[in-house]
Structure formats: C-alpha cells, structure tokens
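In what follows, a single structure is set out as structure tokens and then discussed.
2 protein chains.
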Amino acid sequence: MPRKRVTLADVARRAGLSTTAASMILNGRPDTRLSKEAHERVHAAAAELGYRPNVAARGLRTAKTLTIGFVSDTVTTTRFAGGLIKGALEAAEEARHVVLVAETGGEPEREAEAIAALLDRQVDGIVFATVRARELFVPALPEGVPAVMLNATSSRFPATVLPDEEPGGRAAVRLLVDAGHFEGIALIGQSDTAERDVFRSRTIARRVAGIRGEMADKGLGFVAEESIWMWEPQHGYDATLDLLRRRTDVRALLCMNDRLAFGAYQAAAELGLRVPDDLSVVSFDDDEVAAYLRPGLTTIGLPHEAMGRRAVELLLGREPAGEELTPMPVVERASIGPPRGR
Amino acid sequence: MPRKRVTLADVARRAGLSTTAASMILNGRPDTRLSKEAHERVHAAAAELGYRPNVAARGLRTAKTLTIGFVSDTVTTTRFAGGLIKGALEAAEEARHVVLVAETGGEPEREAEAIAALLDRQVDGIVFATVRARELFVPALPEGVPAVMLNATSSRFPATVLPDEEPGGRAAVRLLVDAGHFEGIALIGQSDTAERDVFRSRTIARRVAGIRGEMADKGLGFVAEESIWMWEPQHGYDATLDLLRRRTDVRALLCMNDRLAFGAYQAAAELGLRVPDDLSVVSFDDDEVAAYLRPGLTTIGLPHEAMGRRAVELLLGREPAGEELTPMPVVERASIGPPRGR
DNA sequence: TGTCGGCGCTAAAACCTTTTAGCACGACGG
DNA sequence: CCGTCGTGCTAAAAGGTTTTAGCGCCGACA
Numbered sequence: 001m002p003r004k005r006v007t008l009a010d011v012a013r014r015a016g017l018s019t020t021a022a023s024m025i026l027n028g029r030p031d032t033r034l035s036k037e038a039h040e041r042v043h044a045a046a047a048e049l050g051y052r053p054n055v056a057a058r059g060l061r062t063a064k065t066l067t068i069g070f071v072s073d074t075v076t077t078t079r080f081a082g083g084l085i086k087g088a089l090e091a092a093e094e095a096r097h098v099v100l101v102a103e104t105g106g107e108p109e110r111e112a113e114a115i116a117a118l119l120d121r122q123v124d125g126i127v128f129a130t131v132r133a134r135e136l137f138v139p140a141l142p143e144g145v146p147a148v149m150l151n152a153t154s155s156r157f158p159a160t161v162l163p164d165e166e167p168g169g170r171a172a173v174r175l176l177v178d179a180g181h182f183e184g185i186a187l188i189g190q191s192d193t194a195e196r197d198v199f200r201s202r203t204i205a206r207r208v209a210g211i212r213g214e215m216a217d218k219g220l221g222f223v224a225e226e227s228i229w230m231w232e233p234q235h236g237y238d239a240t241l242d243l244l245r246r247r248t249d250v251r252a253l254l255c256m257n258d259r260l261a262f263g264a265y266q267a268a269a270e271l272g273l274r275v276p277d278d279l280s281v282v283s284f285d286d287d288e289v290a291a292y293l294r295p296g297l298t299t300i301g302l303p304h305e306a307m308g309r310r311a312v313e314l315l316l317g318r319e320p321a322g323e324e325l326t327p328m329p330v331v332e333r334a335s336i337g338p339p340r341g342r
Numbered sequence: 001m002p003r004k005r006v007t008l009a010d011v012a013r014r015a016g017l018s019t020t021a022a023s024m025i026l027n028g029r030p031d032t033r034l035s036k037e038a039h040e041r042v043h044a045a046a047a048e049l050g051y052r053p054n055v056a057a058r059g060l061r062t063a064k065t066l067t068i069g070f071v072s073d074t075v076t077t078t079r080f081a082g083g084l085i086k087g088a089l090e091a092a093e094e095a096r097h098v099v100l101v102a103e104t105g106g107e108p109e110r111e112a113e114a115i116a117a118l119l120d121r122q123v124d125g126i127v128f129a130t131v132r133a134r135e136l137f138v139p140a141l142p143e144g145v146p147a148v149m150l151n152a153t154s155s156r157f158p159a160t161v162l163p164d165e166e167p168g169g170r171a172a173v174r175l176l177v178d179a180g181h182f183e184g185i186a187l188i189g190q191s192d193t194a195e196r197d198v199f200r201s202r203t204i205a206r207r208v209a210g211i212r213g214e215m216a217d218k219g220l221g222f223v224a225e226e227s228i229w230m231w232e233p234q235h236g237y238d239a240t241l242d243l244l245r246r247r248t249d250v251r252a253l254l255c256m257n258d259r260l261a262f263g264a265y266q267a268a269a270e271l272g273l274r275v276p277d278d279l280s281v282v283s284f285d286d287d288e289v290a291a292y293l294r295p296g297l298t299t300i301g302l303p304h305e306a307m308g309r310r311a312v313e314l315l316l317g318r319e320p321a322g323e324e325l326t327p328m329p330v331v332e333r334a335s336i337g338p339p340r341g342r
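Residue numbers (UniProt numbering), protein chains in the order written: chain X, 1 to 342; chain Y, 1 to 342.
Below, the structure written as structure tokens:
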C-alpha cells in the first residue's frame, strides 16, 4: 500500500529528535539515558508511520541479517525428507529469522555457487542437509558464519543432527518379539554393501547395528536376509515375492524402509497372504504411504521435523555443539500380529 | 576460508583506481570511457582477491536484491505440491536469484508477518502459492514489488499460473473411451458441494467441467457418481468398496485424484477384482504413489514443476501477465485395459 | 580551584555499493 | 586565441541503519 517505505529518519523527524536517538530508543539499548518523554515520542511516531526497520541496511552495519541459509541436495524438492525443512522453517520463524533455500541436487559446483550466493547475502548461518544422511564435503566458510549439518555429516563442522538409529533398530526388533515372534523373521533390504558404504548413509549402519544387536541380545537370528540395493516398492515387491515363494516359514518381515514394506504388502497380497494374520510387517521411516496402506503399517519414524527444528536452534544458539541424536518414535499401526502357521 | 570479506575498495586500491572506476568496470557499464588498461587491472585485481560484490550493500543502493520471496500455505512442507517449489527454485537459480521461503499454514496473521519479513529484506518480488489452488486474500504490496499467484488466485494480482484443468478432464475421459469403455464408467470423488465451493479449489470446477463436457460430447453418461468430501485413500476405499458391492456393471473408475485411486485399488483387491482386467482406473495428479501402485496408475498429471518455473519467469520478466494455463500431461501406465464382463 | 562524571542528546563515521557531478587536460573548430 | 568537446578518471552523495565520539552544562568531590 505505502508509496514509499518509511525510514528511521522519518520517524526521528516526526519525533523531533536525531536518528541516533530514535535508533537507540527503538532498539531498546539499555545504557542509554534518553528521557522518558523522548521514548514516548519516538514510539508514537514509529507506530503512527508504521515504521519497519530496513533489515538490509541494518545488516550492512551490524553484519546480522536475521536470515539463515538452508542448502540441501534435494530435501526441499523431493518428498522424502520434507520434515527437515518444515521443522527448520518453524524454528526460524519463532526466532524471527527467515530462510533462504537453495538446492544443489548434490552437484558440487551448484553447491559452491549456492553457498557463495548465500554468503553474498550475508546470511547469519547455514544448515546443510541431505535426504539420505550422507557425508558432505563442505568448503570452509568465512569466519563467523556458523554451520550445522542436518541429517548429514561433515568432517569440517562438528555440529550435527542425526536420527538416533541404533535404538530405533532395536525398537523394531522388540516390536516383533513382544508380539511373540521368535522365529521366522526375515530382513528385507539389508545389504552388506550398504552396511559398508559410507557414501550411502552414515546412519543406516547404525540402524543395522541396532537390529543385529537386539536380535543377538534376544538370542534370535533371521530366517532369511534379502539384500537389496535400491529401496523402492518395486524392489521390495520382487524380493518379498521371491522370498515367500522359496520359504513358507516366514512369519514376519523387518523392512529397511516403508517403500520396501509397501512392495512387500503387494507381494503378500499377490500370494493371498494377509497382513498381519499371515505375515507381520514392521519397517522404518514413517513415510506418508505407511498410513495409506491397509492395514496401517507399523514403523519406526524418522523424526525429520524435530531434527529440522533442532538444527536451527543449534545454529542460532551459541552453545558449541557436537553430534546430536534425535530419538525415533515408534508409530504403531496395525501391521503386527501374533505369529500363526500358514 | 577468507578471514575477511574483500570489498570493492580493496579491489580498487590494488588496481590503483577509485572505487567508482572499479564499480563501473566490474558492472560493465556501456557508456564508460575507462581505458582498456584500467579494465584489465581491475579485473585482474578482482580475480586475484576473489572479490564478490556484497549484494546487501548493492541492494541498498539499487533497491534490487536478486532475491525473491516464496510464500505458501504448506507447499514446501507437505508433499503434495512440492514440484511448485522445485520449479521455482530452478528458474530462480538460472536467473541468478535466490529464494526466501516462508510458510503460513494458511493463517492470515502468519501470512502478514511473513510478507512483512520478506519486504523488510527488500525482496524483488513475491510468488504466492497454495497447495490446492485456492483464492487467496493477499494484502497490497508496496509499489514496485510485483507478485504472481502460483496455483492460487487473487483478485488483487492478475498474474496467475494454474494447471489447465479443462483439457485435462477431457483427456481422462478420452483415455477410457479410446480403450473401448462406453458404459460402466463411474466417477469417484466428485461432489456437487465441491463443485460449487470456491474455497476448496478454483481449478476442480474446471476439471469437472472438462470431464462432463467430454462425456457429453461422446454421448456418454456415468453409471454412478460417488460424492466424497475428502480425497484420501481411506475415503476412496470406502466409496469404491460400497459402489462395487452395490453394482456389478462398473468397468471403469474415473477418480478425482490419485489418493482416491489408491483406495480404489485396495477395494478392488479386497473383492478379488484385478486392475485393469476387471476394472480400469484413471485419475488425476500423478502423485508419487501412482508409480508405486501395481499395475502402475494411469493419471493426468499436475504439472507442478513447470508451473513453478513459469511463475518465477513471469515474476522476473517484465511482461504484464494474466492467467496462464499450464498443460496437464497424460502419463500412461498400466491401469487401463479393454472392458470385460465380470 | 580544578577535575570528573552525569545528563540528554547529536554529528559524524562506518558498513559497501552505485550514481551523479565534475575536474584537469589536451585537441579541435572557428 | 578562445570556446567547446572528448578523455580518463575521481570526489562526493546517496541508500538506511548502528556505533562512536563528543558537546555544553552542571553538580560533586578532592
């Protein structure tokens, strides 16, 4: 609506004071000794004119822009880890910050370009996120620009927010055991390659460690392990169909993610097996599709939103942070039942 | 890495010229008459020092920040229209702009606050997006700040990018007809309420008009219409199950979105019906789950990414724009077959 | 008597850039 | 020889804010 932005000088003029005085008053500087009356005049003038400080101009002087950068490979533009940005946006909003978003597709040149672009705009800090918890090679940032890794790791920046996968893995196993499954449990999606592959994901190794640890603690073993490289429904379908045809003693599936479980459901249906009567299923992520399935899929959720929040809290707070693990919620739906013969 | 940012003054000093000269040369001002040699010295100095202009400072002078705002209800943080931001981000990157993202959850106060925050940062323009093509009540913006509506409409801003729903609706019907379906077609999800409800969606009405128009042109009618208010898988399941139990003459389903179709698949499976042998299905959106289903769901896609791109092109271009309709692609998978008795 | 600090405020510098106005000098036309 | 113009460049202003340094006066303290 307003033709022209109202500036601090306008406020000062109307209050009959200098811009300095207006600035001090509006910023509530504690050591100032301006009169009560001056305070009132300035505040009144600011209110009447609808004054809003020009953050860009302020940033020039103070080197603080109340703006943070969020750079990721594809967090914003794919649906798999959208919770990360959601949490980050919320936390930023609460802290009266605003976020500049850049996507790099995982390409180093685009990443470098994005970082430079953010720095040119004087961001107060940057969070680096990845969709599948990779190690990231982040270039050094100018002094005074903090960074935190979100669902990612970097040797350069110690501040890191990750899902707490080890207990998550244990919880999944426990869910099955608590329902009475002591045998006939198959693992879908684990692959030794993935376990070793740093590039794929830092966290999957921990998830697997948790799973194996809990199984060992209970004195149990898997009746089968299907190694799969890619974790889309198609792969889950293929592997599960193959498995269930080969062996009839499988009573429960521990899937490495919900999309695999999605495919597993399809394979089970194909063979006339009902979940959870004939086959129990548990998995990881709490992907949106987990709720679409019937019966609803019980899964160990990736706490993306909480992680996103935490990352910007860390970024904006001043405590020097290390690796922080966010607990994974177990979200119980209806895909686990007591074992039954078939 | 660099301790301190290198400034234009540094470059000028090293080149032995004034900052004015350096500025002119680096910005390639055409009317200048600085010597060839000066050009070389300045460029050399800039390269050696790794100079990058401070966009914030420049913006102060030029009132251009190479930054645009993207404010939506929940486009970024839900998975339904993520393509919008993806396209916007890409187009912005190509134009060397960067985007400030804000989510309002559809709450007017948060929206007002978000707009103010963006304006405080001197954005060059704002795109307003919604996830379900609503009418939006956008407050006036200061003169010189353009806005475009993306998958949304506003009486205040004529520039609008929407999916071209009418032909989309027609295409869906044609897909069925071309496969030989002339009878036994049921419509899932249409509700007269929705058709009239401005708040729900501007575009759905056009989709329905396209569907009805094409049916009429072919001289066909629906064998049944299931009115549904909410379009989640659960609702599609319930409605379809009910419908298929009631009537045995249904051979094809035209679902208003992919999630309804998702539920329809489940209902069909429940009744032992195979897609597409016993039942053909076509729907709208090209949601990610459409590819997960087996057989793959044939659907009329929402061209979110193209729309997002277009919106920022419009915003950055100077052509005064009106309503722009982006064509909806038909993505053929395997859910449509010839009709067969059951 | 001299110094110091408090008071209430402001001028000016600083942040970094772009833009405007103009300077000194030589060439050129008349 | 005078005025004008072109050349190659620079000083200064402008953009909007915060911060630093200080002004002029008075009372208190040594």
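Note that beta-carbon positions come from the ideal geometry of N, C-alpha and C, so glycine has one too.
With burial defined as no fewer than 16 other Cβ atoms inside 10 Å of the residue's Cβ, what is the status of residue i: buried or exposed?
i, result
"proline 320 of chain X", "exposed"
"methionine 230 of chain Y", "exposed"
"serine 280 of chain Y", "buried"
"leucine 150 of chain X", "buried"
"leucine 119 of chain Y", "buried"
"leucine 271 of chain Y", "exposed"
"proline 233 of chain X", "buried"
"threonine 20 of chain Y", "exposed"
"valine 55 of chain X", "buried"
With DSSP as the reference, please indicate the residues paired to residue i in a beta bridge.
i, result
"methionine 149 of chain Y", "Y:Phe128 and Y:Thr160"
"phenylalanine 284 of chain X", "X:Ile300"
"glycine 69 of chain X", "X:Leu100 and X:Ile126"
"residue 352 of chain X", "With chain X covering only 1 through 342, there is no way to say anything about residue 352 of chain X."
"glutamate 135 of chain X", "X:Thr153"
"serine 227 of chain X", "X:Gly189"
"glutamate 323 of chain Y", "Y:Thr160"
Taking residue i and residue j to be in contact with their CB atoms under 8 Å, please state how far apart those CB atoms are, rounded to whole angstroms.
i, j, result
"aspartate 287 of chain Y", "glycine 337 of chain Y", "Not quite, the Cβ-Cβ distance comes to about 21 Å (not below 8 Å), so this is no contact."
"valine 161 of chain Y", "threonine 326 of chain Y", "6 Å"
"leucine 100 of chain X", "threonine 67 of chain X", "6 Å"
"glutamate 165 of chain Y", "glycine 236 of chain Y", "Going by Cβ atoms, the distance from glutamate 165 of chain Y to glycine 236 of chain Y rounds to 20 Å, so no, they are not a contact pair."
"leucine 220 of chain Y", "phenylalanine 262 of chain Y", "Actually they are not in contact, since the Cβ atoms of leucine 220 of chain Y and phenylalanine 262 of chain Y sit about 25 Å apart, beyond 8 Å."
"alanine 269 of chain X", "threonine 240 of chain X", "That pair is no contact at about 11 Å."
"aspartate 249 of chain Y", "valine 223 of chain Y", "6 Å"
"alanine 81 of chain Y", "histidine 304 of chain Y", "5 Å"
So, for residue i: in the same chain, excluding its five sequence neighbours on each side, which residues have a beta-carbon less than 8 Å away from its beta-carbon?
i, result
"glutamate 48 of chain X", "Arg14"
"valine 145 of chain Y", "Leu119, Val123, Asp124, Gly125 and Ile126"
At the level of alpha carbons, what is the spacing between residue i and residue j?
i, j, result
"arginine 251 of chain X", "glutamate 226 of chain X", "15 Å"
"residue 349 of chain Y", "glycine 69 of chain X", "Only positions 1 to 342 of chain Y appear in the structure, and residue 349 of chain Y is not among them; the question remains open."
"alanine 205 of chain Y", "leucine 244 of chain X", "46 Å"
"leucine 253 of chain X", "leucine 260 of chain X", "10 Å"
"arginine 79 of chain X", "isoleucine 85 of chain Y", "12 Å"
"residue 388 of chain Y", "arginine 170 of chain Y", "There is no way to answer for residue 388 of chain Y, as the model of chain Y reaches only from 1 to 342."
"proline 108 of chain X", "alanine 114 of chain X", "10 Å"
"aspartate 285 of chain Y", "isoleucine 300 of chain Y", "6 Å"
"glycine 87 of chain X", "threonine 130 of chain X", "14 Å"
"isoleucine 188 of chain Y", "alanine 264 of chain Y", "9 Å"
"arginine 33 of chain Y", "leucine 60 of chain X", "31 Å"
"residue 422 of chain X", "alanine 38 of chain X", "This structure gives no information on residue 422 of chain X, because the portion of chain X shown stretches from 1 to 342."
"threonine 104 of chain X", "leucine 89 of chain Y", "10 Å"
"alanine 334 of chain X", "proline 295 of chain X", "6 Å"
"aspartate 217 of chain X", "alanine 186 of chain X", "17 Å"
Once you ignore the five residues that flank residue i on each side, which residues in its own chain have a CB closer than 6 Å to its CB?
i, result
"residue 343 of chain Y", "The question about residue 343 of chain Y has no answer here: the residues shown for chain Y are numbered 1 through 342."
"proline 339 of chain Y", "Gly180, His181 and Arg251"
"glutamate 323 of chain X", "Thr160"
"leucine 316 of chain Y", "Ala95"
"arginine 132 of chain X", "Ser201"
Skipping 5 residues on each side, what residues in its chain have a beta carbon closer than 7 Å to that of residue i?
i, result
"leucine 175 of chain Y", "Val282, Thr298, Val330 and Ile336"
"alanine 45 of chain Y", "Val11, Arg14 and Ala15"
"valine 198 of chain Y", "A caution first: valine 198 of chain Y carries a pLDDT of 46, below 50, which makes its placement in the model unreliable, though a value can still be read off. Taken in chain order, the residues that qualify are Glu135."
"leucine 26 of chain X", "Val42 and Ala46"
"serine 18 of chain X", "Ala12"
Under 6 Å from any heavy atom of the ligand SAM, does the C-beta of residue i make it?
i, result
"isoleucine 85 of chain Y", "This structure simply doesn't include the ligand SAM, nor any ligand for that matter."
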